[in-house]
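Notes for the one structure printed next.
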Amino acid sequence: DAKTTQPPSMDCAEGRAANLPCNHSTISGNEYVYWYRQIHSQGPQYIIHGLKNNETNEMASLIITEDRKSSTLILPHATLRDTAVYYCIVRVSTFFYSGNTPLVFGKGTRLSVIA
Amino acid sequence: GAVVSQHPSWVICKSGTSVKIECRSLDFQATTMFWYRQFPKQSLMLMATSNEGSKATYEQGVEKDKFLINHASLTLSTLTVTSAHPEDSSFYICSARGGEVAEAFFGQGTRLTVV
Chain A
12 DAKTTQPPSM DCAEGRAANL PCNHSTISGN EYVYWYRQIH SQGPQYIIHG
62 LKNNETNEMA SLIITEDRKS STLILPHATL RDTAVYYCIV RVSTFFYSGN
112 TPLVFGKGTR LSVIA
Chain B
1137 GAVVSQHPSW VICKSGTSVK IECRSLDFQA TTMFWYRQFP KQSLMLMATS
1187 NEGSKATYEQ GVEKDKFLIN HASLTLSTLT VTSAHPEDSS FYICSARGGE
1237 VAEAFFGQGT RLTVV
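These protein sequence lines are chains A and B, in that order.
In terms of my numbering, the first sequence opens at residue 12 and continues consecutively.
In terms of my numbering, the second sequence opens at residue 1137 and continues consecutively.
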């Protein structure tokens, strides 16, 4: 799986948009970008994933650059409950891969939402 | 998303005893389960991958005789930490995928403290 680079930490004011960047310059054509987050002392939570088009769901939006070498996770109106470590992971989607490849976690970005 | 339940959420045990952690997929059949370990302020580290009905595949450096994994059914996998020592104190997290659930979902984690 391609390696990702994320800033170690970020702050965001409550109610503002949180934009979390991720660099994945070695991504392959069949690899998706996944985002998970881990709130303190809990298991990781799936947020969103995408291949090349921008994606949006009830939690966040994912913006992927045209060359797919980087992406940004956007939490449109951050709340205190969004304080967590956010992981950007690049991997082949399980829709296309019948094996048992686990998610490999980097160090992620520690987002602190400040009141 | 799919629900993965992990039990117990925390446990304290004496050094030398064994501890069993359960991971259940509540609304889907988990053909594959992953076990991770997370030390304070570090990222998740994969310990092993298990497929229902077959032996688990352990990551390098993880002792299979110490961390016994059983995946006897499509909804349950167990991790037993045998002869636990204080250095085994950690946050253990399971993840499951299978059937129509293409993405991996995580349990809430188990905090093990060995005294």
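Even glycine gets a Cβ: it sits at the ideal position worked out from N, Cα and C.
Being a predicted model, the structure only gives us computed values, none of them experimental.
Say whether chain A places a C-beta atom closer than 8 Å to the C-beta of residue i.
i	result
Gly1197/B	no
Thr1218/B	no
Gly1152/B	no
Ile1229/B	yes
Ser1179/B	yes
Thr1211/B	no
Glu1223/B	no
Gly1189/B	no
Tyr1185/B	It is worth fixing the name first, because residue 1185/B is Thr in this sequence and not Tyr. Yes, its Cβ sits closer than 8 Å to a Cβ of chain A.
Phe1203/B	no
Glu1239/B	yes
Cys1159/B	no
Cys1149/B	no
Phe1164/B	no
Taking 8 Å as the threshold (beta carbon to beta carbon), is residue i in contact with chain B?
i	result
Pro18/A	no
Gly54/A	yes
Tyr97/A	no
Ala126/A	no
Pro32/A	no
Pro87/A	no
Leu62/A	no
Leu73/A	no
Lys14/A	no
Lys118/A	yes
Glu57/A	Residue identity check: residue 57/A is Tyr in the sequence provided, not Glu. Yes, its Cβ sits closer than 8 Å to a Cβ of chain B.
Leu84/A	no
What are the residues that DSSP puts in a beta bridge with residue i?
i	result
His1143/B	Glu1158/B
Arg1247/B	Trp1146/B and Phe1227/B
Val101/A	Val44/A
Ser72/A	Thr67/A and Ile85/A
Thr1124/B	The question about residue 1124/B has no answer, for chain B in this structure spans 1137 to 1251.
Ala1138/B	BP columns for Ala1138/B are empty, so no partner.
Phe1242/B	Ser1231/B
Leu1215/B	Ile1157/B and Ile1205/B
Gly61/A	Val44/A
Thr16/A	Asn34/A
Val96/A	Gln49/A and Arg121/A
Starting from residue i, trace the beta strand (DSSP E) in both directions and tell me its first and last residue.
i	result
His1221/B	First-last for His1221/B: undefined, no H or E at that position.
Ala1184/B	Met1181 to Asn1187
Arg1173/B	Thr1168 to Gln1174
Arg121/A	Thr120 to Ile125
Ala1208/B	Phe1203 to Ser1209
Which ranges does the alpha helix (DSSP H) cover as unbroken runs of at least 4 residues, wholly within the stretch 22 to 56 of chain A, from first to last along the chain?
none
Would you check if the stretch 1144 to 1152 of chain B and the stretch 1239 to 1250 of chain B touch, i.e. whether three or more CB-CB distances between them fall below 8 Å?
yes
Between the stretch 16 to 25 of chain A and the stretch 37 to 56 of chain A, are three or more C-beta pairs nearer than 8 Å?
no
Cβ contact check for the stretch 72 to 88 of chain A and the stretch 1149 to 1163 of chain B: 3 or more pairs under 8 Å
no
Three or more beta-carbon pairs under 8 Å between the stretch 111 to 118 of chain A and the stretch 1170 to 1181 of chain B, yes or no?
yes
Contact between the stretch 1191 to 1205 of chain B and the stretch 117 to 126 of chain A (3+ Cβ pairs under 8 Å)
no
Could you tell me whether the stretch 33 to 40 of chain A touches the stretch 80 to 91 of chain A, where touching means 3 or more Cβ pairs closer than 8 Å?
yes
Contact between the stretch 89 to 106 of chain A and the stretch 1210 to 1230 of chain B is defined here as three or more beta-carbon pairs at a separation below 8 Å; is this criterion met?
no
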